[in-house]
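Asker:
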Amino acid sequence: MRLSFVPALVPILLSLACSGGEEPSGSPGSGAGGPVGSDGGSPGTGGGTDFGTGGGGNAPSSGGGTTGTGGTGGDDGNVGGPGSYALPPPSKCSNQFAVDECRQGDPNSACGGVCPNDHGPTAKNACESGKPGVPVQYACPRHMLFSSEMVQAVIDDGYEGAFNYGIVGHDPDPQNLDAGLSDSCCQCYQLVFDTPTYLTDASLTPPPPLVVQSANTQASGPTGFDLFMGAGGFGVFNACDGSIPQGNHFGHSQYTGYPSVGQAFNGGVKPGPDSVNCTNGNNALTDAVIAEPSCQSKIEAACNEITASSAMLQEESRKSCVQSNQAGSYYHENWNVYVRRVTCPKHLMEVTGCKIAPDPSLPQPDPTIQTAAQAEAAGFSRGLNDQRYHTTTMQDCCMPTCAWANNVSASTVDGYDSFYACRDDGTPVTE
99 MRLSFVPALV
109 PILLSLACSG
119 GEEPSGSPGS
129 GAGGPVGSDG
139 GSPGTGGGTD
149 FGTGGGGNAP
159 SSGGGTTGTG
169 GTGGDDGNVG
179 GPGSYALPPP
189 SKCSNQFAVD
199 ECRQGDPNSA
209 CGGVCPNDHG
219 PTAKNACESG
229 KPGVPVQYAC
239 PRHMLFSSEM
249 VQAVIDDGYE
259 GAFNYGIVGH
269 DPDPQNLDAG
279 LSDSCCQCYQ
289 LVFDTPTYLT
299 DASLTPPPPL
309 VVQSANTQAS
319 GPTGFDLFMG
329 AGGFGVFNAC
339 DGSIPQGNHF
349 GHSQYTGYPS
359 VGQAFNGGVK
369 PGPDSVNCTN
379 GNNALTDAVI
389 AEPSCQSKIE
399 AACNEITASS
409 AMLQEESRKS
419 CVQSNQAGSY
429 YHENWNVYVR
439 RVTCPKHLME
449 VTGCKIAPDP
459 SLPQPDPTIQ
469 TAAQAEAAGF
479 SRGLNDQRYH
489 TTTMQDCCMP
499 TCAWANNVSA
509 STVDGYDSFY
519 ACRDDGTPVT
529 E
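If you're matching positions, the sequence shown starts at 99 in our numbering and goes up one per residue.
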């Protein structure tokens with residue numbers, strides 16, 4: 099679960115919780131792939147020139163068309179490198195609370211004049227009310243733990259086998275991890291897993307370390323890291339499936355079907371006793387219990403309740419749900435962790451859309467730190483004021499708070515000033 103920071107028409111609503119418009123997209127672009135071992139294929143060209151009523155003349159479209167996909171040649175010698183997932187920056191019509199140059203109904207003004215009033219908003223979070231007539235935006239499947247893009251980015255950054263990548267909700271920790279920062283948006287952290295936070299009778303092997311980028315604020319406090327994964331659990335909000343009577347719903351659903359088990363505030367689909375319940379006769383959870391075919395059958399059946407009109411969205415969500423519930427990668431649990439703020443890896447930021455300027459004071463992620471004992475010896479932080487740093491899990495399908503550029507105070511580069519938001523089919527909204 100998370101707290102989610104949602105802007106309303108005029109005020110900004112602070113709310114609990116752990117992205118694409120409703121209009122048709124523009125035509126896709128094209129791009130040629132480069133040879134393996136080259137610097138990657140040429141970037142996609144074209145891109146949709148109209149989106150809904152936008153795209154006239156020199157004015158930006160109301161949400162940006164579907165961008166062309168770059169080539170799949172290997173960046174730095176990697177097959178299927180960043181040409182397969184690198185996109186233009188987030189659309190300025192999708193990541194601002196309001197666009198001053200938008201004139202309602204004027205197709206020659208900014209964002210094609212798609213705003214409920216002059217100088218008004220040109221996009222809305224699926225988890226907020228108001229803003230009639232503007233595109234509705236959701237979380238992106240590319241940001242999920244174990245998404246195809248995240249898996250490839252780990253390879254392209256040279257960390258295969260050492261880390262996995264993800265995004266989190268994390269409130270700033272000004273006393274320690276985030277000293278000197280006004281918010282945590284787009285900052286990166288290396289998490290090393292220790293013990294479950296509440297399954298005291300569990301005997302579980304910690305999953306591999308994560309490198310994560312902060313996508314939500316007002317999340318779970320300064321010691322919390324709320325991991326985004328398929329069927330990770332609702333908090334107060336639910337933009338995944340309005341037919342499930344849990345979580346506040348504003349009439350927008352990213353999925354056509356979704357598992358209700360473990361909702362809300364119980365972490366969604368996972369082996370634990372508050373979800374599909376794979377525990378043994380002693381009501382304990384172990385690696386062996388999770389790995390049993392009977393348990394994995396329960397997990398797979400629940401994850402396969404995820405259905406979507408987009409085959410990509412459905413496949414990526416199911417994959418994230420299943421993979422995060424394996425004995426060797428059991429992230430779908432609340433864990434105590436050791437944490438260090440680190441330099442954001444290049445290709446992780448290619449996936450998320452938020453590229454912050456390098457900070458020479460921050461260390462690089464350290465692939466040699468794999469265990470809690472190694473993390474403690476290396477000076478990773480264990481907690482704050484007797485509270486352990488810890489993870490929780492979420493998927494409420496709301497647009498991330500850091501997908502609003504207004505919430506990002508960090509210096510960013512090349513126009514990549516926020517996380518991507520996505521349409522209901524999981525397509526990022528780009529320039």
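Glycine is no exception: its CB is placed at the ideal position from the N, C-alpha and C atoms.
1. Could you please give the first and the last residue of the uninterrupted alpha helix (DSSP H) stretch that includes C442?
2. Please classify Y296: is it buried, with 16 or more other beta-carbons within 10 angstroms of its beta-carbon, or exposed?
3. Whole-angstrom Cβ separation of M497 and N223, contact assumed at under 8 Å?
4. Quick check: the Cα distance between N364 and Q394, rounded to an integer number of angstroms?
5. Quick one: what's F332 bridged to in DSSP?
6. Identify whether Q361 lies in helix, strand or coil by the three-state DSSP scheme.
7. Along the chain, where does the beta strand (DSSP E) containing V310 start, and where does it finish?
8. Let me know if Q485 comes out buried or exposed under the rule of 16 or more other beta-carbons within 10 Å of its beta-carbon.
9. What is the rounded straight-line gap between the Cα of P205 and the Cα of S227?
10. Distance, Cα to Cα, V359 vs S427?
11. Could you name the residues of the same chain whose beta carbon sits closer than 7 Å to that of K229, not counting the 5 residues immediately before and after it, in chain order?
12. Could you spell out where the alpha helix (DSSP H) holding P391 opens and where it closes?
13. Taking only the alpha-carbon atoms, compute the straight-line gap between V511 and A455 and give it to the nearest angstrom.
14. Quick one: using the 10 Å Cβ neighbour count with 16 as the cut-off for buried, is T303 buried or exposed?
15. K417 lies in the beta strand (DSSP E); which residues open and close that run?
16. Rounded to whole angstroms, what's the CA-CA distance from I110 to W502? Just pull it up for me.
17. Going along the chain, which residues of its own chain have a beta-carbon closer than 6 Å to the beta-carbon of G264, five neighbours each way excluded?
18. In or out: N483 buried (at least 16 other Cβ within 10 Å) or exposed?
19. Can you tell me which residues form a DSSP beta bridge with S427?
20. Using CA coordinates, which residue listed in A400, Y487 and K453 is at the minimum distance from V420?
21. Who are the near neighbours of I397 in its chain, counting only those whose CB is closer than 7 Å to its CB and skipping five residues on each side?
22. Are Q288 and R438 closer than 8 Å when you measure CB to CB?
23. At 4 residues or longer, what runs of the alpha helix (DSSP H) sit wholly inside the region 245-314?
24. If you measure from the beta carbon of A406 to each beta carbon in chain B, is any gap under 8 Å?
25. Touching or not, the region 194-213 and the region 311-331, by the rule of three or more beta carbon pairs under 8 Å?
26. Identify the continuous alpha helix (DSSP H) that holds Q472 and give its terminal residues.
27. With K229 as the anchor, note down where its beta strand (DSSP E) starts and where it stops.
28. P461: buried (16+ other C-beta within 10 angstroms of its C-beta) or exposed?
29. Between which two residues does the beta strand (DSSP E) harbouring I454 extend?
30. What does DSSP give as the partner residue(s) for N505 in the beta ladder?
31. Given this structure, state the Cα-to-Cα distance separating A475 from S507, to the nearest angstrom.
32. Going by beta-carbon coordinates alone, are F335 and W433 separated by less than 8 Å?
33. By a C-beta neighbour count over all protein chains shown, 10 Å radius and 16 as the cutoff for buried, is T315 buried or exposed?
34. Alpha carbon to alpha carbon, how far is Y518 from F332? Give it in angstroms, no decimals.
35. For V212 versus V234, is the C-beta distance shorter than 8 Å?
36. Within a Cβ cutoff of 7 Å, which residues of the same chain sit near A389, ignoring the five residues on either side of it in sequence?
Answerer: Well, looking at it:
1. Careful: C442 lies outside any alpha helix (DSSP H) and carries neither H nor E.
2. exposed
3. 4 Å
4. 19 Å
5. BP columns for F332 are empty, so no partner.
6. In the three-state DSSP reduction, Q361 falls in the coil class, being neither helix nor strand.
7. L308 to N314
8. exposed
9. 24 Å
10. Taking the Cα positions, V359 is about 21 Å away from S427.
11. Excluding the 5 residues flanking it on each side, K229 has same chain C-beta neighbours closer than 7 Å at L107, P214, P219 and K222, in chain order.
12. Its alpha helix (DSSP H) spans residues P391 to C401.
13. In a straight line, the C-alpha of V511 is about 6 Å away from that of A455.
14. exposed
15. Element bounds for K417: not the beta strand (DSSP E) but the alpha helix (DSSP H), A409 to Q421.
16. Reliability of the predicted coordinates at I110 is poor, the pLDDT of 35 falling under 50, and no value is obtained from them.
17. L243, L308, V310 and L325
18. With fewer than 16 neighbouring CB atoms inside 10 Å of its own CB, N483 falls in the exposed class.
19. Q424
20. A400
21. V367, P369, V374, V420 and N423
22. yes
23. If we require 4 residues or more, the alpha helix (DSSP H) runs fully inside the region 245-314 come out as 246-254.
24. This model lacks chain B altogether, as it is built from one protein chain only.
25. No, they do not touch.
26. A470 to A475
27. DSSP places K229 outside any beta strand (DSSP E), giving it a letter other than H or E.
28. exposed
29. C452 to I454
30. In the DSSP output, where bridge partners are listed per residue, N505 has none listed.
31. 32 Å
32. No, the pair does not count as a contact, with Cβ atoms beyond the cut-off.
33. So T315 ends up on the buried side.
34. 21 Å
35. no
36. A425
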